[in-house]
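Only one structure is covered here, and it is reproduced in the block below.
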Amino acid sequence: MTTTNHQITFERYGDPSVLQFRSGDLPTPGPGEVLLRVSAIGVNYSDVLRRRNTYFMPTPLPYVPGTEVVGTIEGTGPGIDAPFAHGTRVLAILPRGGGYAEYVTASVQYCIPLPPQIDDATATAIFVQGSTAQLMVTQLAGDVSGKTVVINAAAGGVGSLLVQLCKLRGGRVIAAAGGPEKLRVASALGADATVDYRSPDWSQQVRAANRGRGADLIFEMVGGEVYNESLRALAPGGHLIVYGCASGEQGRVDPEHFVDENIRQSGFNLAHYLQHYNPLWQQALGEVIGLLAGGQLRVRTAMTFPLAEAAEAHRRLEARATTGKVVLIPQS
Ligand SMILES: NC(=O)c1ccc[n+]([C@@H]2O[C@H](COP(=O)([O-])OP(=O)(O)OC[C@H]3O[C@@H](n4cnc5c(N)ncnc54)[C@H](OP(=O)(O)O)[C@@H]3O)[C@@H](O)[C@H]2O)c1
1079 MTTTNHQITF ERYGDPSVLQ FRSGDLPTPG PGEVLLRVSA IGVNYSDVLR
1129 RRNTYFMPTP LPYVPGTEVV GTIEGTGPGI DAPFAHGTRV LAILPRGGGY
1179 AEYVTASVQY CIPLPPQIDD ATATAIFVQG STAQLMVTQL AGDVSGKTVV
1229 INAAAGGVGS LLVQLCKLRG GRVIAAAGGP EKLRVASALG ADATVDYRSP
1279 DWSQQVRAAN RGRGADLIFE MVGGEVYNES LRALAPGGHL IVYGCASGEQ
1329 GRVDPEHFVD ENIRQSGFNL AHYLQHYNPL WQQALGEVIG LLAGGQLRVR
1379 TAMTFPLAEA AEAHRRLEAR ATTGKVVLIP QS
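So this is what it looks like as structure tokens:
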């Protein structure tokens, strides 16, 4: 086994150029941990926010981004038993980051063995984006059967999974995204109608696609004007689920509008479920794995980059030039 470990790190916050490809030492697994040789790394939008230091939690420096990896167990710390034997391929979440690397250590509490029919790139979409989508649908959305559901950034990582999960549960999905290519992606995933939310009055287009009525439920994570317009796109009694703010711009909250229209808003934070509702998260993860293994859910892996080109992966993500999952592949 090699003794060096290439990784991507940043020592100051800023644009993608702060991401540096460096070599370091091989980490040693502690009690309850395994050493993984990484074969695929999931890129999440939160990695971009951490790099800019606009994530909702502080990011310490220096920092190695990356919260989800697929890897093979090459070493174990004290106290590790089956099913985490040498050679087992697992999906691991790294709550404090560190995943943009050839080798990582991971707590088995956050590792799950992977069935062979789920390939590496597909698996990287399960932990953060998959469990986020499934938990929002199962814990917050209520019964979506027969309801009209708008999904913002519908061709993105979480969005593309939400489109499919809401369709599986009998929802009528209106996909909202930026530009015709992304709308085509959302249609191919099963969306019943599409709306380009780059046009200013897109809430009217939602109503036009829904026989003049607003939406029952909207999943929103863009912020700014898209948030404001999402409120206008809701039917009376509608529900807005907010789980991010990719634009970095806050929307305008008008309490009177919530009262007048009987609207409610819920927030979602995956970290909260990981810490405080771990069994619910485990259950959601198992459900997503089952849906993938059964072929009911598809992951779009649109872009794969060598680990050393992580900066380019971030550039594309920020330029809104990606659909589905973005993956880094170590070359070791
Ligand atoms: N709360 C949680 O626990 C949780 C968990 C996972 C993810 N998230 C959040 O969910 C969102 C989606 O995450 P993801 O990893 O699946 O990313 P993603 O959707 O694959 O990529 C972000 C998408 O956001 C849209 N967007 C709109 N305005 C943007 C802007 N100003 N800059 C960049 N992108 C913009 C773009 O789609 P269009 O071009 O179609 O607009 C872009 O493709 C992020 O905000 C992330 O922080 C939250």
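Using our numbering, the first residue of the sequence shown is number 1079, and each one after it goes up by one.
Ideal Cβ positions, reconstructed from N, Cα and C, are used throughout, including at glycine.
Predicted model only: the values in this text are computed from it and were never measured.
Bridge partners for residue i per DSSP, in chain order?
i     : result
C1189 : A1170
Q1217 : None; Q1217 has no bridge partner.
V1273 : A1254
N1083 : G1102
M1381 : V1404
A1293 : L1312
V1116 : G1149
H1317 : L1295, R1342
A1179 : Q1085
A1266 : Partner(s): none; A1266 has no beta bridge.
V1228 : I1252, I1296
By a C-beta neighbour count over all protein chains shown, 10 Å radius and 16 as the cutoff for buried, is residue i buried or exposed?
i     : result
E1089 : exposed
R1250 : buried
T1132 : exposed
L1139 : exposed
T1082 : exposed
A1349 : exposed
V1215 : buried
P1107 : buried
R1378 : buried
Q1242 : buried
V1404 : buried
Have a look at residue i and residue j and give me their C-alpha separation to the nearest angstrom.
i     : j     : result
Y1305 : G1155 : 46 Å
R1342 : V1284 : 19 Å
N1347 : Y1321 : 7 Å
Y1091 : A1163 : 38 Å
V1206 : I1229 : 18 Å
T1087 : E1259 : 33 Å
I1190 : D1198 : 13 Å
G1372 : Q1361 : 16 Å
P1314 : A1388 : 44 Å
R1129 : P1094 : 8 Å
D1270 : A1254 : 11 Å
A1311 : Q1212 : 23 Å
R1393 : D1125 : 12 Å
P1194 : Q1353 : 29 Å
L1375 : L1218 : 20 Å
Y1178 : F1134 : 20 Å
T1137 : L1172 : 14 Å
G1248 : T1401 : 24 Å
A1232 : G1157 : 43 Å
Y1351 : L1358 : 7 Å
G1176 : C1244 : 32 Å
Are the segment 1095–1103 and the segment 1144–1162 touching by the rule of at least three beta carbon pairs closer than 8 Å?
-> In short, these stretches do not touch, since the Cβ pair count stays below three.
Where are the alpha helix (DSSP H) runs, 4 residues long or more, that stay fully inside the segment 1119–1144, in chain order?
-> Taking only runs of at least 4 residues, the alpha helix (DSSP H) segments lying wholly in the segment 1119–1144 are 1123–1130.
Decide yes or no for the touch test of the segment 1105–1115 against the segment 1222–1229: beta carbon pairs closer than 8 Å, at least 3 of them.
-> Output reads no: the segment 1222–1229 does not touch the segment 1105–1115.
Touching or not, the segment 1263–1281 and the segment 1292–1309, by the rule of three or more beta carbon pairs under 8 Å?
-> With a cut-off of 8 Å, the segment 1292–1309 and the segment 1263–1281 count as touching, because enough Cβ pairs lie within range.
Counting only runs of 3+ residues fully inside the segment 1352–1397, write out the beta strand (DSSP E) ranges in chain order.
-> The segment 1352–1397 contains these whole beta strand (DSSP E) runs: 1379–1384.
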